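Undergrad: Mind looking over this structure? Questions follow.
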Amino acid sequence: MALLWEVPLVGAGGEPISFARTVHSHGCAQLPPAEVVEDPLRYRRRLRIGERIVALTMEARGNELAVESDLKLGARDAQKARGLVAKMFRLDDDLSPFYAQIAGDERLGWVTAGAGRILASPTVFEDVVKTICTTNCAWSATIRMTTALVELGGGAFPDAALLARTPLKWYNDVARMGYRGPYLRTIAAEVVAGRLDLESFTQRKRYDDETIEELLLELPGVGPYAAAHIMQLLGRHRPLVLDSWTRPAYLRLSGRKRAVDGTIRRAFARYGEYAGLAFWLFLTREWVED
DNA sequence: CGTCCAGGTCTAC
DNA sequence: GGTAGACCTGGACGC
Numbered sequence: 003m004a005l006l007w008e009v010p011l012v013g014a015g016g017e018p019i020s021f022a023r024t025v026h027s028h029g030c031a032q033l034p035p036a037e038v039v040e041d042p043l044r045y046r047r048r049l050r051i052g053e054r055i056v057a058l059t060m061e062a063r064g065n066e067l068a069v070e071s072d073l074k075l076g077a078r079d080a081q082k083a084r085g086l087v088a089k090m091f092r093l094d095d096d097l098s099p100f101y102a103q104i105a106g107d108e109r110l111g112w113v114t115a116g117a118g119r120i121l122a123s124p125t126v127f128e129d130v131v132k133t134i135c136t137t138n139c140a141w142s143a144t145i146r147m148t149t150a151l152v153e154l155g156g157g158a159f160p161d162a163a164l165l166a167r168t169p170l171k172w173y174n175d176v177a178r179m180g181y182r183g184p185y186l187r188t189i190a191a192e193v194v195a196g197r198l199d200l201e202s203f204t205q206r207k208r209y210d211d212e213t214i215e216e217l218l219l220e221l222p223g224v225g226p227y228a229a230a231h232i233m234q235l236l237g238r239h240r241p242l243v244l245d246s247w248t249r250p251a252y253l254r255l256s257g258r259k260r261a262v263d264g265t266i267r268r269a270f271a272r273y274g275e276y277a278g279l280a281f282w283l284f285l286t287r288e289w290v291e292d
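Numbering-wise (the working numbering), the first sequence opens with residue 3 and increments by one.
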């Protein structure tokens with residue numbers, strides 16, 4: 003294990019970052035090729051750097067994020083790995099406006115201790131594929147499909163080129179993805195052809211949230227739920243993720259007997275561009291002990 | 001063994 | 001723009 007990086011756990015606005023809250027920010031963050039290890043809390047994930055597959059282990063050391071690599075990396079590869087970690091932890095994001103908004107908020111005041119960073123994958127492509135693998139199936143199926151994808155990728159998540167050249171037979175017979183297979187393969191092919199630049203979707207100056215939502219909804223297999231979910235992973239926090247998990251969770255935690263989507267949206271509308279994040283944090287507070 | 005449904009989406013009205 | 005019905009899979013459940 004070689005120490006790759008130590009970087010302050012601080013966001014772009016100087017706000018604190020809770021390592022535990024970040025690695026437990028959502029379920030997809032724990033899908034292969036990533037995993038959360040407890041005691042001490044660490045986040046591990048394999049990724050492809052050039053020709054090699056590298057296993058990175060991340061943990062909090064004091065107020066720093068320490069990143070270790072199982073392989074010794076040259077300067078160029080080390081730089082690339084650091085860049086991917088920065089993307090995953092969204093180190094360039096500034097949550098301080100949100101924190102200022104919820105300071106003293108009864109429901110969400112606790113968040114300002116460093117919660118609210120939604121851990122991303124190294125690529126938007128991976129998050130889009132994984133999100134589609136969460137739709138209309140049990141979580142066990144999501145794990146099965148993702149595990150197959152990572153096996154295809156030789157231990158790392160496959161890139162668009164590999165998915166585009168993989169025959170549909172594999173999607174059906176090996177990954178058992180059903181109707182999702184053609185969706186994912188089509189998206190991969192569009193990326194490879196250069197007609198779809200998912201990685202640019204993080205660029206706030208280039209695309210506003212509304213545009214990104216429209217572009218996401220154009221993708222096969224991406225509807226309102228998936229678009230909102232991917233938006234959260236992109237750090238675009240207005241849309242609420244409304245699905246068969248969040249709806250009952252909201253009822254349980256709010257004490258309401260029933261609430262249609264419009265009612266839930268109104269309950270969080272006052273958080274403005276952070277409404278979706280506020281909703282998600284309200285639902286997941288108990289995932290981590292303060 | 002059949003039906004239902006799980007962190008929905010698409011198509012056709 | 002709003003709403004049925006179909007859709008892969010496989011685990012849970014009722015009969």
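The beta carbon of each residue, even a glycine, is placed where N, CA and C say it ideally should be. Bear in mind the structure is a predicted one, so any value in this text is a computation, not a measurement.
What's the gap between the Cα of residue 132 and the Cα of residue 259?
TA: The residue you call residue 132 lines up with position 130 of the first sequence. The residue you call residue 259 lines up with position 257 of the first sequence. For residue 132 and residue 259, the distance between alpha carbons rounds to 32 Å.
Undergrad: Should residue 187 be labelled buried (16 or more other beta-carbon atoms within 10 Å of its own) or exposed?
TA: To locate residue 187, count along the first sequence from 1; it is residue 185. The residue in question, residue 187, is buried, as its Cβ has 16 or more Cβ neighbours within 10 Å.
Undergrad: Can you give the beta carbon distance from residue 130 to residue 200, rounded, assuming they're within the 8 Å contact cut?
TA: Working through the first sequence from its first residue, we reach residue 130 at position 128. Working through the first sequence from its first residue, we reach residue 200 at position 198. Contact holds; Cβ gap of about 6 Å.
Undergrad: Could you have a look at residue 45 and say whether DSSP puts it in helix, strand or coil?
TA: Numbered from 1 along the first sequence, position 43 holds the residue referred to as residue 45. If DSSP states are grouped into helix, strand and coil, residue 45 belongs with the strands.
Undergrad: Measure from the alpha carbon of residue 48 to the alpha carbon of each residue in 191, 239, 289 and 160, then state which is nearest.
TA: Numbered from 1 along the first sequence, position 46 holds the residue referred to as residue 48. It is 160.
Undergrad: Check for me: the beta strand (DSSP E) holding residue 71 runs from which residue to which?
TA: Position 69 of the first sequence, counting from 1, holds the residue named residue 71. Per DSSP, residue 71 belongs to the beta strand (DSSP E) from 66 to 71.
Undergrad: Assuming residue 152 is part of the beta strand (DSSP E), what are its boundary residues?
TA: Within the first sequence, residue 152 is the residue found at index 150, counting from 1. It is not in any beta strand (DSSP E) - residue 152 instead sits in the alpha helix (DSSP H) that spans 141 to 154.
Undergrad: From what residue to what residue does the alpha helix (DSSP H) around residue 99 run?
TA: Taking the first sequence and counting its residues from 1, one reaches residue 99 at position 97. Element bounds for residue 99: 98 to 104.
Undergrad: Nearest by alpha-carbon distance to residue 1: which of 63, 278, 141 and 39 is it?
TA: What the structure shows of the chain is the stretch from 3 to 292, and residue 1 is not part of that stretch, so it cannot be assessed.
Undergrad: Mapping DSSP to helix, strand and coil, what is residue 90?
TA: By one-based count along the first sequence, residue 90 stands at place 88. Helix.
Undergrad: Are the beta-carbon atoms of residue 165 and residue 71 separated by less than 8 Å?
TA: Taking the first sequence and counting its residues from 1, one reaches residue 165 at position 163. Taking the first sequence and counting its residues from 1, one reaches residue 71 at position 69. Their beta carbons are not under 8 Å apart, which means residue 165 does not touch residue 71 by this criterion.
Undergrad: Contact check, residue 154 vs residue 168 under 8 Å by CB: the rounded distance?
TA: In the first sequence, counting from the first residue as 1, residue 154 sits at position 152. In the first sequence, counting from the first residue as 1, residue 168 sits at position 166. That belief holds up - the Cβ atoms of residue 154 and residue 168 are roughly 7 Å apart, short of 8 Å.
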